[in-house]
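Have a look at the structure below before the remarks.
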Amino acid sequence: MNGIRTGLFVTLVAIAFPLTQAGATTSTFDGTWNVRISSSSETCGNGATVAIGINNGQIASSSAAVTASGRVADAGSINVTLSTGIKRAVGFGRLSGTSGSGTWRGAMCTGTWTAERM
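If you count by mature numbering (1 follows the signal peptide of the UniProt record, and there is no 0), then the sequence shown holds residues -22 to -1, 1 to 96, one letter each, in order.
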């Protein structure tokens, strides 16, 4: 009888363990981030700020004016696409703790970005 109970217990633990791991997929970087975008050219504009949200490592915009999509890896590397109307920019970089930075490029413009967790 003890062998059956032990076997049942081991089976229940084996089934439950992966389920608890799958439910715990929150990212260290989840939350709202304020991203300041700078351009290397005055003709491309300079100083835009965009709020983005990160949930389980997935990026989404927090603004109706800008669409954001992308992914943040567990180690903090980030790739993001921002678009508004027909304009589109792709950014790469790294988040660490409550801040981050990187570069971006669009059709005819390039620049840098910095981010702070709100």
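All residues carry an ideal CB built from backbone N, CA and C; glycine is no exception.
As the structure is a computational prediction, the values presented were derived from the model and not from experiment.
Tell me the residue span of the beta strand (DSSP E) that contains residue i.
i	result
serine 39	36 to 39
isoleucine 30	26 to 33
alanine 93	88 to 95
isoleucine 56	55 to 62
phenylalanine 70	65 to 74
alanine 46	45 to 50
glycine 84	77 to 84
serine 10	Rather than serine, the amino acid found at residue 10 in this sequence is threonine. Unbroken beta strand (DSSP E) run through threonine 10: 9 to 17.
Suppose the cutoff is 6 angstroms on Cβ atoms and the five residues either side in sequence are ignored; what does the same chain contact list for residue i look like?
i	result
isoleucine 56	Val50, Gly71, Leu73
threonine 90	Ser16, Thr81
threonine 92	Arg14, Ser79
Give a single yes or no on whether residue i has its beta carbon closer than 8 angstroms to a heavy atom of the ligand SAH.
i	result
serine 79	No copy of the ligand SAH occurs in the structure displayed, which carries no ligand at all.
Could you check which residue in the options has the C-alpha nearest to that of residue i?
i	options	result
threonine 21	Cys87, Ala53, Ala93	Cys87
residue 104	Trp11, Ala29, Ser16	Residue 104 falls outside the range modelled here, since the chain spans only -22 to 96, and no answer is possible.
glycine 69	Gly31, Ser47, Asn34	Ser47
glycine 25	Val13, Asn34, Ile32, Gln36	Val13
For chain D, check one thing: does any of its Cβ atoms lie closer than 9 angstroms to the Cβ of residue i?
i	result
glutamine 36	The chain inventory of the structure shown lacks chain D, comprising one protein chain alone.
For residue i, collect the residues of the same chain with a Cβ closer than 7 angstroms to its Cβ; drop the 5 residues on either side in sequence, then sort them by chain order.
i	result
serine 41	Val28, Ala29
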